[in-house]
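Undergrad:
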Amino acid sequence: MQPFVQRLHRNGGDLSRRAVDVLQVNMGRYCNQACIHCHVESGPTRKEMMSRETVEAVLRFLADTSIQTVDITGGAPELNPHFDFLVESATGLGRRVMDRCNLTVIFEPGRDYLPEFFQRHRVELVCSLPCYSEENVDRQRGKGTFDLSIRALQIFNKLGYGQPESDLALNLVYNPVEPHLPPPQEKLEQDYKRELRQKYGIEFSHLYCLSNMPITRYETHLKLRGEYDRYMKLLETSFNAATLDQVMCRNLVSIGWEGSVYDCDFDQMLDLPIRDGNGKALSISSLSVDQLLNQPITVGNHCYACTAGSGSSCGGALVFR
């Protein structure tokens, strides 16, 4: 395999951050699910959780910037006891708040208030539903997950989420079950909308297609099945230089649960923090935007997953062909 950094140099040199439009906050690795494809390796036994002190540092940094979007993720971020505080404070600062929700979390003990909480604060929902087939979803995320996900979507719909003409955005996320690239996003969105509307009366705003990242838990899964090398070859041969202008790390910064700063959520899981000129990892407690702008982005072979085919980012495909 040609190292990604060499492929990058052949197509215009290093990647650098142009702006910080999105502050992505990982609130921890504790989750009520343990999905096969999860690059965070989240699950019910994980203990890592962002502290109140770190949440307050995130908010201080945010208040001193013009960053408009706060993208909250995990684990299941809603299971962090400081989740509500982060949402209320960020919306109080007039920022757009997105929550990456696994849908089933609203059925966890004490979390049934979340749908109305989201509605009240106009939180944009980005919800995992890796297929519109019960068999595929349960195989990837655990038995019974599909039924709970459908129930959750119906609850959100009743509150106005995802409805035509509504400003309450309900976006779904597709991940392939098998080690292949996602199909064209626009076409699959039409299929999702048809199937979910006809079978369950569900409406949603947009579908985001994401490639599975071949790191951590998914890397182990691929290797156990003898599919890792083939998947990496697929990503490499599907490299699309047109995606380089749109990759999310150009305008996003990711904050880890313990306060470290990363170019993206994937670098976070690989322990590749952004460092200052002295080699010290940056921390949200003392971070300034000037430390991030026009700085080179740390890359590795995992970056092939974001630049293969139509590209992959937290907002779905990067180019449409």
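So for the sequence shown, this note's numbering puts the first residue at 1165; every next one is plus one.
No residue lacks a Cβ here, since even glycine has one placed at the ideal position from N, Cα and C.
1. Out of curiosity, what's the CA-to-CA distance linking Gln1455 and Asp1440?
2. Below 8 Å on the Cβ atoms is my contact criterion, and I expect Phe1368 with Leu1334 to pass it. Report the Cβ-Cβ distance as a whole number of Å.
3. Based on Cα-Cα distance, which residue from Leu1398, Tyr1296 and Leu1289 lies nearest to Gly1520?
4. Hey, quick one: how far does the alpha helix (DSSP H) through Arg1381 stretch, first residue to last?
5. Would Met1191 and Trp1421 be called neighbours here (beta carbons separated by less than 8 Å)?
6. So, at 7 Å on beta carbons, what are the nonlocal neighbours of Phe1403 in its own chain, with the 5 sequence-adjacent residues on each side left out?
7. For Arg1145 and Ser1230, I'd like the C-alpha separation in whole angstroms.
8. Looking only at DSSP bridge pairs, what is Arg1439 linked to?
9. Secondary structure at Ile1270, three-state DSSP: helix, strand or coil?
10. Given a cut-off of 8 Å on the beta-carbon distance, is the pair Thr1268 and Gln1197 in contact?
11. Under three-state DSSP, which class holds Val1453?
12. Please go through the same chain and pick out, in chain order, the residues whose beta-carbon is closer than 6 Å to the beta-carbon of Leu1436, but skip the five residues on each side of it.
13. Residues in the same chain with beta-carbon distance under 6 Å from Leu1503, minus the five sequence neighbours each way, listed in chain order, please.
14. Just curious, the beta strand (DSSP E) that Glu1288 is in, first and last residue?
15. From the DSSP secondary-structure annotation, give me the bridge partner or partners of Asn1338.
16. In the DSSP assignment, find the beta strand (DSSP E) that holds Ser1418 and state where it starts and stops.
17. Return helix, strand or coil for Cys1202, following the three-state DSSP convention.
18. Return the first residue and the last residue of the alpha helix (DSSP H) that Ile1319 is part of.
19. Apart from the five residues on each side of it in sequence, which residues of its chain come closer than 7 Å, Cβ to Cβ, to Ser1253?
20. Whose C-alpha, out of Ala1183, Thr1237, Asn1175 and Val1169, is nearest the C-alpha of Gln1432?
21. Whose CA, out of Gly1423, Pro1460 and Asp1429, lies closest to the CA of Val1219?
TA: Result, derived from the coordinates:
1. 8 Å
2. 5 Å
3. No answer is possible for residue 1520: it lies beyond the span of the chain, which begins at 1165 and ends at 1485.
4. Thr1380 to Leu1388
5. yes
6. Arg1171, Tyr1468, Thr1471 and Ala1472
7. Because the chain is modelled from 1165 through 1485, residue 1145 falls outside the range shown and cannot be assessed.
8. Ala1445
9. helix
10. yes
11. helix
12. Thr1462
13. Because residue 1503 is not part of the residues shown, which for the chain are 1165 to 1485, the question remains open.
14. Glu1288 to Ser1292
15. It should be pointed out that residue 1338 corresponds to Tyr in this sequence rather than to Asn. Looking at the DSSP assignment, Tyr1338 forms a beta bridge with Cys1373.
16. Leu1416 to Ile1419
17. coil
18. Thr1309 to Lys1322
19. Leu1223
20. Thr1237
21. Gly1423
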